[in-house]
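Reading through the structure tokens given below for one structure.
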Ligand SMILES: Nc1ncnc2c1ncn2[C@@H]1O[C@H](COP(=O)(O)OP(=O)(O)OP(=O)(O)O)[C@@H](O)[C@H]1O
Ligand SMILES: [Mg+2]
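Protein chains in written order, with this note's numbering: chain S, 1 to 432; chain D, 1001 to 1256.
See the structure below:
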């Protein structure tokens, strides 16, 4: 057993008795299965196809204590100025892995909409929850590790036909550092229901920490879910996220991912278009500078006919920043009339920055429209010159061009308040 | 206003300008003609500060300052304006944003207060009328999807808004229909002023009929091989450039 595994095992044994619902044999078994699955494979290395370009060596060396810990008290006023939706009527706030009722608020929810922190679920309700968390064995190594340790997060559901117009904000704040946090969010949108969920990960510390989260999305027939994830992690944070979406007939998922800071980010996003007529839009923007890394592995499974997927990721790389994009699209044999589009564009602003981008199309049906394209380019010298020749300063001209490059990803966010806040964020990073 | 002395410039290791001498005084309009590839755009771009064109020798003084030592944006703020032969499309940057940022950068440089949105729009709309441009072009991205003629008009609109001290128009007339040419010429003529100067790069006499230059120069092989008055343009129109070959003076070719 590697020493890293031994460390996590010791932590698992230490924490297991205090994790939620451990009096239930099902949960015990589920967590144990998560641990076993992770321990069997250990930390992936470059020999694993999925981890070829992203080294976990530094993360493996971090031996931080796991689990929730008593958070230092924070005031909402401190967080408000950094919150993506400061005026959100519905927000659940977590600090250092633990739900903070005093920082959260839930306005009156329409009939059929339920939102709760995982840690406040009763053992009875939690049985249903487990079903939505899926089979542990099908998980990525870190999502399996999450199954073992997960102690908090959000469970949001919309019953058939229910609709919540305002976005639900899930704000996770890392404040103390020197800790591993495991969080899980489950979003369930039943037949014909509609929901908008915004996950914001905000780092207030540059101390080393590791945040390992899983988000499961379930869309019933004709359901519509808008999902957004923003990573604004501190300079010492390793962030690993898994998004698992399952879509039934004619459902529509729009997911927007913004990875704007943090020393290390890895997202495995998978959506299964399980029934005919389902559609997914995946948009993403990653920015790296200094020695940061962002890695997006996406996988869209067209398992049924007449489904559509539209995927566009963009990256802006500066300094010694690195990025990885791997976009898998799998079209099953009988998924006829699939329409699928994938693009990944990268803007390299320094000679030391590096990106590995790889589309991975596996198409087994014959009547499909699938396209993909990747580009890696530099700032357009003639555009830069043109702006400057009109009197615009070199830095502003550069910022404008970066913004212009990234803009369509931000512009595609359908919630105006979130879109405007993101525009500001993308802009402020440029103007520093 | 502008004194160019023995200017040599290269693109990569390829010498393009091989000793340009040219003096432009306030109030003057100079036309530069010459065969394709002779270096007209290179000269224009060097004056605007393009970085991939290296000045290997010579000097350029603008209003008593060393122009070549100034950054691109400093030159612009000091009143140098280049209307591009091929205006660049910049998707994602609004035309109106560019105009406003450009104007305010210049005003700030001159110690003038920045214009607010209302004042600015009033000014721009006025200039757009002069250019007979539809207002909708303001709200599109810079030159994106503009027709060839629209791009040229947009260049002149920027010029009209910025009111540069030294305007360099690189083939702004190429690709314009007759009506558009008149509009552009009106725009340019409206900017003629005893304290401003212009350099018009063109292949056609027809532009010089509507904007009468004080001097015409012929640039060939990276040098000014001939200078004269407006009548030189007529001659060129009739005879082409071939006849200049034998007469082209070696070495010094100056125009004042
Ligand atoms: N980026 C470049 N790389 C290589 N050669 C270049 C570059 N830019 C210009 N040149 C060369 O420099 C020479 C002069 O070009 P320039 O564009 O200045 O000519 P011009 O007089 O403006 O021609 P035209 O009348 O066709 O506009 C040409 O031979 C051209 O091929
Ligand atoms: Mg030219």
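Just so you know, even glycine gets a beta-carbon here, dropped at the ideal spot from N, CA and C.
Source: prediction; values computed, not measured.
Identify the residues that DSSP records as bridge partners of residue i: which are they?
{"i": "residue 1015/D", "result": "1010/D"}
{"i": "residue 310/S", "result": "281/S, 341/S"}
{"i": "residue 229/S", "result": "199/S, 257/S"}
{"i": "residue 186/S", "result": "155/S, 216/S"}
{"i": "residue 1211/D", "result": "DSSP, once it has assigned bridges, lists no residue as partnering residue 1211/D."}
{"i": "residue 328/S", "result": "299/S, 360/S"}
{"i": "residue 268/S", "result": "242/S, 297/S"}
{"i": "residue 354/S", "result": "322/S"}
{"i": "residue 210/S", "result": "180/S, 238/S"}
{"i": "residue 1033/D", "result": "1218/D"}
{"i": "residue 288/S", "result": "317/S"}
{"i": "residue 90/S", "result": "106/S, 168/S"}
{"i": "residue 346/S", "result": "315/S, 376/S"}
{"i": "residue 1003/D", "result": "1023/D, 1061/D"}
For chain D, check one thing: does any of its Cβ atoms lie closer than 9 Å to the Cβ of residue i?
{"i": "residue 284/S", "result": "no"}
{"i": "residue 179/S", "result": "no"}
{"i": "residue 432/S", "result": "With a pLDDT of 39 at residue 432/S, under the threshold of 50, the modelled position of that residue is not reliable, and no figure is offered here."}
{"i": "residue 262/S", "result": "no"}
So, residue i versus residue j, is the Cβ gap smaller than 9 Å?
{"i": "residue 215/S", "j": "residue 189/S", "result": "no"}
{"i": "residue 58/S", "j": "residue 238/S", "result": "yes"}
{"i": "residue 1230/D", "j": "residue 1218/D", "result": "no"}
{"i": "residue 202/S", "j": "residue 232/S", "result": "yes"}
{"i": "residue 1009/D", "j": "residue 1055/D", "result": "yes"}
{"i": "residue 26/S", "j": "residue 127/S", "result": "yes"}
{"i": "residue 966/D", "j": "residue 1176/D", "result": "Residue 966/D lies beyond the stretch modelled for chain D, which goes from 1001 to 1256, so this question has no answer here."}
{"i": "residue 1115/D", "j": "residue 1123/D", "result": "yes"}
{"i": "residue 1130/D", "j": "residue 1173/D", "result": "no"}
{"i": "residue 326/S", "j": "residue 242/S", "result": "no"}
{"i": "residue 319/S", "j": "residue 352/S", "result": "yes"}
{"i": "residue 304/S", "j": "residue 339/S", "result": "no"}
{"i": "residue 50/S", "j": "residue 345/S", "result": "no"}
{"i": "residue 376/S", "j": "residue 407/S", "result": "no"}
{"i": "residue 1049/D", "j": "residue 258/S", "result": "no"}
{"i": "residue 253/S", "j": "residue 149/S", "result": "no"}
{"i": "residue 1063/D", "j": "residue 1047/D", "result": "no"}
{"i": "residue 321/S", "j": "residue 290/S", "result": "yes"}
{"i": "residue 299/S", "j": "residue 271/S", "result": "yes"}
{"i": "residue 211/S", "j": "residue 181/S", "result": "yes"}
Are the C-beta of residue i and some C-beta of chain S separated by less than 9 Å?
{"i": "residue 1035/D", "result": "no"}
{"i": "residue 1093/D", "result": "yes"}
{"i": "residue 1215/D", "result": "no"}
{"i": "residue 1084/D", "result": "yes"}
{"i": "residue 1098/D", "result": "yes"}
{"i": "residue 1146/D", "result": "no"}
{"i": "residue 1011/D", "result": "no"}
{"i": "residue 1124/D", "result": "no"}
{"i": "residue 1120/D", "result": "no"}
{"i": "residue 1201/D", "result": "no"}
{"i": "residue 1141/D", "result": "yes"}
{"i": "residue 1109/D", "result": "yes"}
{"i": "residue 1248/D", "result": "With a pLDDT of 46 at residue 1248/D, under the threshold of 50, the modelled position of that residue is not reliable, and no figure is offered here."}
{"i": "residue 1252/D", "result": "Caution applies to residue 1252/D, whose pLDDT of 39 falls short of 50 and renders its modelled position unreliable; the model cannot decide the point."}
{"i": "residue 1256/D", "result": "Per-residue confidence for residue 1256/D stands at a pLDDT of 39, beneath the threshold of 50, marking its modelled position as unreliable; the derived number appears in the next sentence. Chain S, which has no Cβ nearer than 9 Å to the Cβ of residue 1256/D, makes this no."}
List the residues of chain D whose Cβ lies closer than 9 Å to the Cβ of residue i, in chain order.
{"i": "residue 385/S", "result": "1045, 1048, 1049, 1050, 1051, 1052, 1072, 1088"}
Applying a beta-carbon distance threshold of less than 8 Å, which residues of chain S neighbour residue i?
{"i": "residue 1102/D", "result": "390, 391, 392"}
{"i": "residue 1239/D", "result": "The premise fails here: residue 1239/D is roughly 35 Å from chain S at the closest Cβ pair, so nothing lies under 8 Å."}
Which residues in chain D have a C-beta closer than 8 Å to the C-beta of residue i? List them in chain order.
{"i": "residue 382/S", "result": "1088"}
Which residues in chain S sit within 7 Å of residue i, going by Cβ to Cβ distance?
{"i": "residue 1077/D", "result": "391"}
Which chain S residues sit within Cβ distance under 9 Å of residue i?
{"i": "residue 1105/D", "result": "390, 391, 392, 393, 396"}
For residue i, verify whether its CB is less than 8 Å away from any heavy atom of ligand 3.
{"i": "residue 1114/D", "result": "Here the bound small molecules are ligand 1 and ligand 2; ligand 3 is not part of this structure."}
Note to self: Output needed in chain order: residues of the segment 388-408 of chain S with a Cβ under 9 Å from some Cβ in chain D.
What the structure shows: 388, 389, 390, 391, 392, 393, 394, 396, 397, 400, 401, 403, 404, 405, 406, 407, 408
Next item on the list: Could you list the residues in the segment 1044-1066 of chain D with a C-beta less than 9 Å from some C-beta on chain S, going in chain order?
Entry: 1045, 1048, 1049, 1050, 1051, 1052
Next item on the list: Could you please tell me which residues of the segment 1152-1167 of chain D, in chain order, have their CB closer than 9 Å to any CB of chain S?
Entry: 1158, 1162
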